[in-house]
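Have a look at the structure below, then the notes.
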Amino acid sequence: PRARGPGGRRGGIRSPARGGAHLVSMGALEAVTALLALSMRQFGYLSTARQDPAGYTSGVIRGATASVSRAVREGEGQKLIEVEFVVSPHKNDVSLGETLDATRQIGAQLARGLASRDPDASWLVYPDNEEAKLAARAVGKVPSRILSLKQASEADPEKWPELILVHSTGYNIDEFFQVEKLIDRSAADGGSIVAVNCNIDRLRSGYYPSLLYPRLAKSSRRCFDKFDPVFYASNKLIGGGWLVRSYPDEWCVVVDIGGAQQVVLSSATRPAPSDAERAIRSAFAAAQAQ
Numbered sequence: 643p644r645a646r647g648p649g650g651r652r653g654g655i656r657s658p659a660r661g662g663a664h665l666v667s668m669g670a671l672e673a674v675t676a677l678l679a680l681s682m683r684q685f686g687y688l689s690t691a692r693q694d695p696a697g698y699t700s701g702v703i704r705g706a707t708a709s710v711s712r713a714v715r716e717g718e719g720q721k722l723i724e725v726e727f728v729v730s731p732h733k734n735d736v737s738l739g740e741t742l743d744a745t746r747q748i749g750a751q752l753a754r755g756l757a758s759r760d761p762d763a764s765w766l767v768y769p770d771n772e773e774a775k776l777a778a779r780a781v782g783k784v785p786s787r788i789l790s791l792k793q794a795s796e797a798d799p800e801k802w803p804e805l806i807l808v809h810s811t812g813y814n815i816d817e818f819f820q821v822e823k824l825i826d827r828s829a830a831d832g833g834s835i836v837a838v839n840c841n842i843d844r845l846r847s848g849y850y851p852s853l854l855y856p857r858l859a860k861s862s863r864r865c866f867d868k869f870d871p872v873f874y875a876s877n878k879l880i881g882g883g884w885l886v887r888s889y890p891d892e893w894c895v896v897v898d899i900g901g902a903q904q905v906v907l908s909s910a911t912r913p914a915p916s917d918a919e920r921a922i923r924s925a926f927a928a929a930q931a932q
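Following my numbering, the numbering of the sequence shown begins with 643 at its first residue and continues without gaps.
Right, here's the structure in full:
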């Protein structure tokens, strides 16, 4: 249901742009959150992310598993699913090694929650041979085959797996093309490809200018624009604000105001950074005025 304030009226100011994004007034926040079926418990792992990294990780695993599981079950044909999350919100500076390690462990937990017991029915795919070997040693027992991206994109199985989890690609541009090849080759069998922290936002944001990277721009339009971010958790907004989504719920901008996580903007489509920033500034201003 859409957000409504007391008496059935819409709370806050509804923006005519961005697919129905609406700014939530401070007085209606609690009611709006309940009506959106986004209880504060769902955002609990955000509020303790810095003090309780393990609790944050558990929240990401639960949320991502539930969202991906539902998205995989719905509809027919090949599904392109994105899972993107901050690995260490309690740190201001996170190394690439830490990002790869955390993504590897959380991806393995996703596989345990999503995959069948048949190891041929799901694959865990990593950027290169060294990462695949490290994963085989580090993640413990998983009900999946572990492959490098090159191995997976060049494979020729009799039947492609139902689920392919691809991890931490996109730091090398060529990896985007290998993922595209994997998508094309596995499309006929209609399985799901889940990109876990695969830097797809770089393609959306213009990080690679199309004038300088025409082949990548074409690949993005043809392939990566079709990925649906079913679970997303990033705290890169101003004021430590979070942009979050947990399918099938709406996108939300969540910010800590007075020690409580509050939804200040929700939208059926991903809100523009400027809309998110405006909502956060308005929420802080309203809180200070009280």
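Beta carbons: idealized from backbone N, C-alpha and C, even for Gly. Values in this document were obtained by computation on a predicted structure and should not be read as measured data.
### Query
Just curious, the alpha helix (DSSP H) that residue 887 is in, first and last residue?
First-last for residue 887: 884-888, but that is the beta strand (DSSP E), not the alpha helix (DSSP H).
#### Entry: Range of the contiguous alpha helix (DSSP H) that encloses residue 895
Segment 893-899 is the beta strand (DSSP E) holding residue 895; no alpha helix (DSSP H) there.
#### Entry: Cβ-based burial, residue 929 [other Cβ within 10 Å; buried from 16]
exposed
### Query
Given residue 795, which residues of its chain have a CB within under 8 Å of its CB, disregarding the five upstream and five downstream residues?
820, 821, 823, 824 and 827
### Query
Which residue comes first and which comes last in the alpha helix (DSSP H) that contains residue 915?
915-931
### Rounded separation between residue 673 and residue 799 - CA only
In this predicted model, residue 673 has a pLDDT of only 36, less than 50, meaning its place in the structure is not dependable enough to derive any value.
### Message
Using the three-state DSSP reduction, which class does residue 760 fall into: helix, strand or coil?
### Response
Coil, per DSSP.
### Task
Compare the Cα-Cα distances from residue 770 to each of 720, 817 and 716 and report the closest residue.
The option with the nearest alpha carbon to residue 770 is 817.
### Message
I need the boundaries of the alpha helix (DSSP H) containing residue 909, first residue and last residue.
### Response
That residue, residue 909, is in no alpha helix (DSSP H); its beta strand (DSSP E) goes 902-909.
### Task
Locate the beta strand (DSSP E) running through residue 787, then write down its first and last residues.
787-790
### Task
Tell me, please, whether the segment 861-873 touches the segment 706-713 by the rule of three or more beta-carbon pairs shorter than 8 Å.
yes
### Query
So does residue 807 have its beta carbon nearer than 7 Å to some heavy atom of the ligand NAP?
The ligand NAP is absent from the structure shown, which contains no ligand whatsoever.
### Query
Should residue 922 go down as buried or exposed, given a rule of 16 or more other Cβ atoms within 10 Å for buried?
buried
#### Entry: Any beta strand (DSSP E) of 3 or more consecutive residues that is wholly inside the segment 721-777
Every beta strand (DSSP E) stretch that sits fully inside the segment 721-777 and reaches 3 residues is listed by chain position as 721-727 and 764-768.
### Task
Measure from the alpha carbon of residue 790 to the alpha carbon of each residue in 904, 801 and 809, then state which is nearest.
809
### Task
Give the DSSP bridge partners of residue 874, in chain order.
Beta-bridge pairing links residue 874 to 726 and 887.
### Query
Roughly how many angstroms lie between the CA atoms of residue 720 and residue 698, to the nearest whole one?
30 Å
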